[in-house]
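Worksheet: the structure to be examined is printed underneath.
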Amino acid sequence: MPARGLRRAAVATTILAASLLAAPTATAAPGDPRSEHDRVTAQVAEIEQRVREAEETLQRMTVEAEAASGVALAAEAALASAQERAEQTAAQLAEVRAAVDRTEDDVAAIGREAYMGGDEASSQMRMVLDAQGPGELLQQAATLDLLGQERSAVLEELEQSEVREARLDSEARAAVAERDAAARTAQEAQAAAAAQLSAAQADFDRLSAEKSALDEELRGAEIRLLSLQGNADPEAAWSQVQAAEEAVGRLTATGGAVPPTIGRVTSCYGSRWGAMHLGVDIAAPIGTPVHTPEPGVVLQAGPASGFGLAVAVQHPDGAITVYGHVNAFFVSPGQVVAGGERIAEVGNRGQSTGPHLHFEVHQGGLYADRSNPVPWLARRGINLGGSCG
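Letter by letter, the sequence shown follows residues -28 to -1, 1 to 361 of mature numbering (1 follows the signal peptide of the UniProt record, and there is no 0).
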């Protein structure tokens, strides 16, 4: 915001100087024009400060809401991982149980064969079948010299299968417990995020109304200042100031490469107000194109907790870029995208306090190490401008 104010002042000074040289001096209002100029200048400075404070409050609420949604995303990822492990263990357990069933069928076949061998064999087989557990069964069989090497191997397989079954069953129960714990964590995080969003939304509604009034008041004060400086058409001059400011912002942002979107950086990566902001926020009107800076493969495109809608793209270096709060997306999971391709448009969905793109860079997997996006972009010749470096 201070850099934006300096740019506005520099552009305004240039335009005003040119207008004073080119236009005749306007008729002065009653009273001292210089005194009126100083008064309006002070009024503009005061309003600018109030607007900055209001925007900072909005940024803080956005950071806090996104931090809460980050907890929910991490919990949901842990839940999905636990569920996957439980399903894998359940499948392995089913395989072992099937193997045990087959082995027990083999033992039954051995029993039937032994009974068919006569009274002595039947008596010996009853001793074997009365054994308590596979270990004693093998010991009895060895003592009676009833089973050959092949049948001993079958019974030994039964013992090993039972051990494996018990271990896998324990692992399955642990995985289920982990899944339940992850589910509770996710529910608690979501509830906290919902409560925070509700409070933040109420504050935002109030501040939004105040900011709209301040913006209009600021516009009027700046137009009056231009008029006092002798500009023949202060409304047109004010529009020129705005257009010049936006042009300067675009030139600063692009640097010859394709940034995620064109807009004004409002919040950087890092700890703010006791919460960790894990990306960069770029304010832009709804519908502003969102591009992927370099080629990649789309991992996700659709609903995302906290973001409303989001797109995730994995790039050749393994990094994953995430684009949150988008209004609409134009890609699908598995799709290969080119550098600079339009993948979405800026929106205001999810836990958002105004139209903007929330841009993140993840290393080591989706929602794993969420690193500062600025160096990653800088290595590709992209400078977002603003105070993020």
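Yeah, the Cβ is synthetic: ideal placement off N, Cα and C, and Gly gets one too.
Alpha-carbon to alpha-carbon, residue j and residue i
i: residue 206; j: residue 327; result: 29 Å
i: residue 348; j: residue 333; result: 8 Å
i: residue 341; j: residue 237; result: 22 Å
i: residue 67; j: residue 149; result: 22 Å
i: residue -18; j: residue 357; result: Only weak support exists for where residue -18 lies, its pLDDT of 42 falling under 50; the value from the coordinates is given anyway. Each residue's alpha carbon lies about 17 Å from the other.
i: residue 163; j: residue 142; result: 32 Å
i: residue 330; j: residue 321; result: 11 Å
i: residue 138; j: residue 81; result: 25 Å
i: residue 354; j: residue 230; result: 7 Å
i: residue 181; j: residue 271; result: 38 Å
i: residue 159; j: residue 276; result: 15 Å
i: residue 210; j: residue 241; result: 33 Å
i: residue 309; j: residue 22; result: 43 Å
i: residue 291; j: residue 335; result: 5 Å
i: residue 359; j: residue 325; result: 20 Å
i: residue 140; j: residue 65; result: 6 Å
i: residue 220; j: residue 144; result: Any reading at residue 220 needs caution, since the residue's pLDDT is 43, under 50, leaving its predicted position unreliable; the model's value is listed next. Roughly 60 Å separates the two Cα atoms.
i: residue 37; j: residue 167; result: 10 Å
i: residue 18; j: residue 32; result: 21 Å
i: residue 338; j: residue 304; result: 16 Å
i: residue 189; j: residue 178; result: 17 Å
i: residue 316; j: residue 262; result: 5 Å
i: residue 301; j: residue 313; result: 12 Å
i: residue 195; j: residue 184; result: 17 Å
i: residue 318; j: residue 258; result: 5 Å
i: residue 133; j: residue 344; result: 50 Å
i: residue 34; j: residue 323; result: 7 Å
i: residue 362; j: residue 63; result: There is no way to answer for residue 362, as the model of the chain reaches only from -28 to 361.
i: residue 267; j: residue 235; result: 22 Å
i: residue 296; j: residue 161; result: 19 Å
i: residue 71; j: residue 269; result: 41 Å
i: residue 352; j: residue 26; result: 34 Å
i: residue 311; j: residue 350; result: 15 Å
i: residue 265; j: residue 60; result: 37 Å
i: residue 30; j: residue 187; result: 15 Å
i: residue 191; j: residue 256; result: 19 Å
i: residue 307; j: residue 299; result: 19 Å
i: residue 232; j: residue 214; result: 23 Å
i: residue 346; j: residue 147; result: 38 Å
Bridge partner(s) assigned by DSSP for residue i
i: residue 239; result: 253
i: residue 248; result: 243
i: residue 295; result: 283, 331
i: residue 308; result: 269
i: residue 39; result: Answer is none; residue 39 lacks a bridge partner.
i: residue 73; result: Answer by DSSP bridge pairing: none, since residue 73 is not bridged.
i: residue 275; result: 281
i: residue 341; result: 335
i: residue 301; result: 316
Span of the alpha helix (DSSP H) around residue i
i: residue 285; result: Element bounds for residue 285: not the alpha helix (DSSP H) but the beta strand (DSSP E), 280 to 286.
Bounding residues of the beta strand (DSSP E) (the contiguous stretch that carries residue i)
i: residue 316; result: 314 to 317
i: residue 346; result: Element bounds for residue 346: not the beta strand (DSSP E) but the alpha helix (DSSP H), 345 to 350.
i: residue 230; result: Unbroken run through residue 230: none, as it is neither H nor E.
i: residue 262; result: 261 to 263
The ligand MN heavy atom lying under 7 Å from the CB of residue i
i: residue 31; result: Looking for the ligand MN in the displayed structure turns up nothing, as the structure carries no ligands at all.
Sufficient close CB pairs (3 or more, under 8 Å) joining the stretch 36 to 55 to the stretch 144 to 156:
Touching, yes, given that three or more Cβ pairs across the two stretches are closer than 8 Å.
The stretch 252 to 259 in contact with the stretch 43 to 50 per 3-pair CB rule at 8 Å:
no
Contact the stretch 278 to 294 vs the stretch 238 to 247: 3+ CB pairs below 8 Å:
no
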